[in-house]
Amino acid sequence: MANSSEFYRFKNWLDVQQKAKDTVVQIFSQILKFNWLEPYKAPTQTAVFGSGFFINNKGHILTNFHVVDEAVSIQIQIPSLGKEQLDVEVVGVYPDMDVALLKLKDEDFAKVKNFLGYIPYLELGDSDEIHRSEEILAIGYPLGQEGLKSTQGIVSGREKIQMLSYIQITAPLNPGNSGGPSLNHEGKVIGINFAGVTEAQNVGYIIPINEIKSAIRDLCKVKVLRRPYLGGIFSYSNSDMVEYFKNPQEGGFFVTKVFPGSILEKAGIIDGDMIYQFNEFKVDRFGEIVVSWSEDKISMLDLLHRYEVGDEITLTLYRRGEKKIIKFKLELSAEVPIRFVYPNFEKVEYEVFGGLVVMEMTLNHVEIFAEFNPLFHMFSRVDVQYNSKLIVTNILHDSQLQRARSILPGDIIEFVNNQKVGSLKEFRDAVAKQKDSNFLTLKTDVGIFCVLAIDKILEDEDRLSQQYLYKKSFLVDLLK
537 MANSSEFYRF
547 KNWLDVQQKA
557 KDTVVQIFSQ
567 ILKFNWLEPY
577 KAPTQTAVFG
587 SGFFINNKGH
597 ILTNFHVVDE
607 AVSIQIQIPS
617 LGKEQLDVEV
627 VGVYPDMDVA
637 LLKLKDEDFA
647 KVKNFLGYIP
657 YLELGDSDEI
667 HRSEEILAIG
677 YPLGQEGLKS
687 TQGIVSGREK
697 IQMLSYIQIT
707 APLNPGNSGG
717 PSLNHEGKVI
727 GINFAGVTEA
737 QNVGYIIPIN
747 EIKSAIRDLC
757 KVKVLRRPYL
767 GGIFSYSNSD
777 MVEYFKNPQE
787 GGFFVTKVFP
797 GSILEKAGII
807 DGDMIYQFNE
817 FKVDRFGEIV
827 VSWSEDKISM
837 LDLLHRYEVG
847 DEITLTLYRR
857 GEKKIIKFKL
867 ELSAEVPIRF
877 VYPNFEKVEY
887 EVFGGLVVME
897 MTLNHVEIFA
907 EFNPLFHMFS
917 RVDVQYNSKL
927 IVTNILHDSQ
937 LQRARSILPG
947 DIIEFVNNQK
957 VGSLKEFRDA
967 VAKQKDSNFL
977 TLKTDVGIFC
987 VLAIDKILED
997 EDRLSQQYLY
1007 KKSFLVDLLK
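Taking the numbering used here, the leading residue of the sequence shown gets 537, the next gets one more, and so forth.
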């Protein structure tokens, strides 16, 4: 019987692989990497290989965002069409969940349909029904190899990594597998292959498909989808805190701070509220809830991925002993000033003046400078990200600022000509006001002060712009 059982399991996976044929594609992305320290420089060219899969007969393809991040052109290969490469375009990206939605371009859509007779695709399954010890099949193109590979694995459980929930599997996932599907015995997608762990054998992570079903619909409406964010900081509560606020003793998730203009503020939630229920889910003192799809409790905030923009949320909370039921509709997250920015989809600005290269701070900058200065880790705090900052990304050699030997890359400019600045507009306005003066003053957030002669800056601009190949700022002509 054991041999018979093994045979039928093997036969089942063969059927699943046959069903998946031509639905799983190899992705070739030509990447131009933006230079966040010297933004005037030409981007660095590279290539990325990954996997993806068709999700409908309209030619839509799901993959990981990191497979197509900063791509200027994307092609795919379908096994039955051999090495012929087909053009696809980006419909929308969801970087916070590492998901991208692509689509075959019209000409190649017609080519595939003419060759195969139809557009093959995989049906999205129910990742809530996947539990520990169940088998899955991970499919993709590991290590950039052009042959489709499949790896059988076991679901180990669910794991939270960097505030996001993943399914851990025993199938090893190699570079190139990223973006491919993990299938159940019915051949339905239960997750997107995300990452393997090089330090451990047979450990991989997949993004549960139910976590992004609502996002797929939203990606057809917006180019860059941000993770739903309520706009607050939460903390655990304890029995003493519950008693202090005269709330019911089982306790709830404590609202430490509500940010201005956030969803929570618009709904009327204030600092000190205690959340006891999120829709039909009871919330404990640690902000966790019991759900049917996980053997372990999950965070209340993880539920947000399962709702679409416009869905109604009901929170049951207590405010110093008074019960309140608050309803609001989920909105697209407001963009905080200090955030990750994606050059392919968002305009990135900078100024070069007097040897100073200055930009509005982003988390892209924070990642770079935090490697050398641990103080930059403070900008990972949400409350700090609400205040725009101007960061010095580079100082040109043999410039007036470099000769001053005071301000350095990574410094934050807080005052220009005694005027407080936090954005490029404020920087430009402050510099422009010096038209009738011969000095430019700069002051950092830690008090470093620098004075530059404007006439010397203007004398250097032709030479520096030619040497470093940047376009001269309009401020140069304005101040002449």
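Note that CB positions come from ideal geometry on N, CA and C, so glycine has one too.
#### Entry: chain B within 8 Å of K1008, Cβ atoms only
Going by chain labels, chain B is absent from the structure shown, which holds only one protein chain.
### Query
Does the Cβ of V608 have 16 or more other Cβ atoms within 10 Å, making it buried, or fewer, making it exposed?
exposed
### Query
Can you tell me whether Q936 is buried or exposed, with buried defined as 16 or more other CB within 10 angstroms of its CB?
buried
### Task
Measure the Cβ-Cβ separation of L1023 and F876 and say whether it is below 8 Å.
Because the chain in this structure spans residues 537 to 1016, residue 1023 falls outside the shown range and cannot be described.
### Message
In this structure, how does DSSP classify E803 when only helix, strand and coil are distinguished?
### Response
Just to set this straight, residue 803 is Ala in the shown sequence, not Glu. Residue state, collapsed to three classes: helix.
### Query
Alpha carbon to alpha carbon, what distance is there between I799 and H667?
34 Å
### Query
For C1017, is the classification buried or exposed, using 16 other Cβ atoms within 10 angstroms of its Cβ as the cut-off for buried?
Residue 1017 is absent from the structure shown; the chain starts at 537 and stops at 1016.
### Message
Less than 8 Å between the C-beta atoms of F822 and T792, yes or no?
### Response
no
### Query
Three-state secondary structure (DSSP) at Q554?
helix
#### Entry: Residue interval of the beta strand (DSSP E) (run including Q704)
L700 to I705
### Task
Could you work out which residue in G767, L837, F781 and R842 is closest to I805 when comparing CA atoms only?
G767
### Task
Let me know the secondary structure DSSP gives T734 once reduced to three states.
Summary for T734: the model assigns pLDDT 49, below 50, so the residue's position carries little reliability; its value from the coordinates is reported in the next sentence. It is coil, neither helix nor strand.
### Query
In chain order, what residues of the same chain lie with their CB nearer than 8 Å to the CB of S828, ignoring the 5 residues before and after it?
D664
### Nonlocal neighbours in the same chain, by C-beta distance under 7 Å from V584, ignoring five residues either side
S565, I567 and V603
### Task
Just grab the DSSP bridge partners of Y741 for me.
Q704 and A731
### Task
Out of P678, T580, K555 and F645, point me to the one whose CA is closest to Q562's CA.
P678
### Query
For the beta strand (DSSP E) that contains A578, what are its first and last residues?
No beta strand (DSSP E) holds A578; DSSP gives it neither H nor E.
### Query
Roughly how many angstroms lie between the CA atoms of E997 and S718, to the nearest whole one?
56 Å
### Buried versus exposed, by CB contacts within 10 Å (16 or more), H901
buried
### Task
Label V560 either buried or exposed according to how many other C-beta atoms from any shown protein chain fall within 10 Å of its C-beta, with 16 as the threshold for buried.
buried
### Query
Mapping DSSP to helix, strand and coil, what is Q1003?
helix
### C-beta atoms of K724 and G653 nearer than 8 Å
no
### Query
The beta strand (DSSP E) with V604 in it runs from where to where?
Element bounds for V604: not the beta strand (DSSP E) but the alpha helix (DSSP H), F601 to V604.
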